[in-house]
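Beneath this line is the structure, given in structure tokens, with notes to follow.
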Amino acid sequence: MINKQDSGTPSLLNRLVSLTTIRDIELFEISLLKTLTELLRIRQISMYKLNPSKDTCWISTYSTSLVQDDNKRQFSEFQEVYTSETTVPEEIMAAQLWVNTTRKPYTYNKNNQYLIIYPILGAHKIESLLSFELSHPLTENEMLIISSLLGITHNFRSLLDENQKDKLTGLLNRQTFEESIYKIQSLLVNAAVDSDNKWDKENKRKAKKGTENLYLAIIDVDNFKSINDRFGHIMGDEVLLLLSYIMKQIFRAKDLLFRFGGEEFVAIIRTQGKQETHNVLERLRNKIEQYRFPQINTVTISIGATLIKNEHFLPAEIISRADQALYHAKNHGKNQFHFYEDLVESQHIEETRETGTIDFF
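4 is the number of the first residue of the sequence shown in our numbering; add one for each residue after it.
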């Protein structure tokens, strides 16, 4: 239970100051979960991002280790933050009706341990749910702390979204892509350096959980200039809006979707392998081809993709490989999807290595 000293204004303000210095949405959400574990004195907290059209959700969990020192509870540095896509748990589904109806937290008492499901509200809907356990029901003071923190962070998150998202489609914008690809580059470099350490605990932990691959795909609307010339820019914007909507339906929450202006999009896809990546991108291409766009009727896309590998550290090189696969598709009939690696293996294009930087598109 939070006492008056624990919930003092300076402590809460310090946490808010720390939170609002973060400009990365993923790190911001992790820091929010960490702050709540500290404020509520709990071991673990999860955030469930619900998908209204599916029975799956994206879950982020933050856990801490609890140690004893002079009969006082103290928290060490976090043990683990992990994310995964999963089927909505039964307890979350049971709480949804109550939360959707009342817009209030759901409490379930099981063996004198209280499961709390706390809604994070958006402008017109519940965006996600927080789940954690307490040894007691939420007190009025704890409710005030949580609601105040979530209210302020919601406003700040809205500012982050506005800064990082494309105004027309709502996808992440070009600036955010450049930040993301350099972040991925840094992770790849660090992973390569750490891989020589056989006793590295983090690498061993990841190995136990299984590894995923990252693929970068460039998606381009075929004959988009002709669409604008024949039907006008308003209808061209409508095509981009509908395309972005379909992309959000096809891809998963863990995939990153970007728009750069014009008709060019990029997806950074996290999958178990090449076949899964192929299935996702082919499903997108087929969906667009079969969709009937107002007035325009049929629209097609071309896609080029490449595996993001440790030996290709330069963002320019990663982008160039996908770009070569895209232009092979554009120059050989359009409405196609190609992997860069397949084109090199079949000798349709020659593998090259970038030594400098290039402009993004």
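The beta-carbon is built from N, C-alpha and C at its ideal position, and this holds for glycine as well.
Only a predicted model underlies this, so the values are computations on that prediction, with no experimental measurement involved.
Here isoleucine 304 is actually not in contact with valine 269; their C-beta atoms are around 13 Å apart, not less than 8 Å.
One thing to note: isoleucine 129 has its Cβ within 8 Å of the Cβ of valine 102.
In this structure phenylalanine 261 touches leucine 175 by the C-beta definition: roughly 5 Å separates them, less than 8 Å. The beta carbons of serine 131 and tyrosine 51 sit closer together than 8 Å. In this structure, isoleucine 299 sits near methionine 238, with a CB-CB distance shorter than 8 Å. At a Cβ-Cβ threshold of 8 Å, isoleucine 123 and proline 108 do not count as neighbours. With 16 or more other CB atoms across the displayed protein chains lying within 10 angstroms of its CB, lysine 37 is buried. With a cutoff of 8 Å on beta-carbon distance, serine 138 and glutamine 116 are scored as near each other. Isoleucine 149 carries a helical assignment under DSSP once its states are collapsed to helix, strand and coil.
When DSSP assignments are scanned along the stretch 247–293, the uninterrupted stretches of alpha helix (DSSP H) that are 4 or more residues long and fall wholly within it turn out to be 277–293.
Counted as a single uninterrupted DSSP element, the alpha helix (DSSP H) harbouring valine 347 occupies residues 343–348. Take aspartate 169, set aside five residues on each side of it, and the residues of its chain with a beta-carbon closer than 6 Å to its own are Asn176, Arg262, in chain order. Taking 8 Å as the cut-off, the Cβ atoms of alanine 319 and phenylalanine 342 do not count as close. A residue is called buried once 16 or more other Cβ atoms fall within 10 Å of its Cβ, and serine 34 is buried on that count. Across the structure, arginine 273 and glutamine 167 are spaced so that their CA atoms are roughly 20 Å apart. Rounded to whole angstroms, alanine 98 and serine 49 show a C-alpha spacing of 14 Å. In this structure, the beta-carbon distance from phenylalanine 340 to glutamate 285 falls below 8 Å.
For serine 138, there is no enclosing alpha helix (DSSP H), since its DSSP letter is neither H nor E.
Shown here, glutamine 99 sits in a helix according to DSSP, grouped into three states.
Take the alpha-carbon of threonine 67 and the one of arginine 46: they are about 5 Å apart. Per DSSP, isoleucine 45 lies in no alpha helix (DSSP H) and is assigned neither H nor E. Shortest Cα-Cα distance from methionine 250 to any of Glu353, Asp223, Gly276 involves Asp223. In the three-state reduction of the DSSP assignment, asparagine 216 falls in the strand class, which pools E and B. For proline 122, the enclosing beta strand (DSSP E) has its first and last residue at 116–124.
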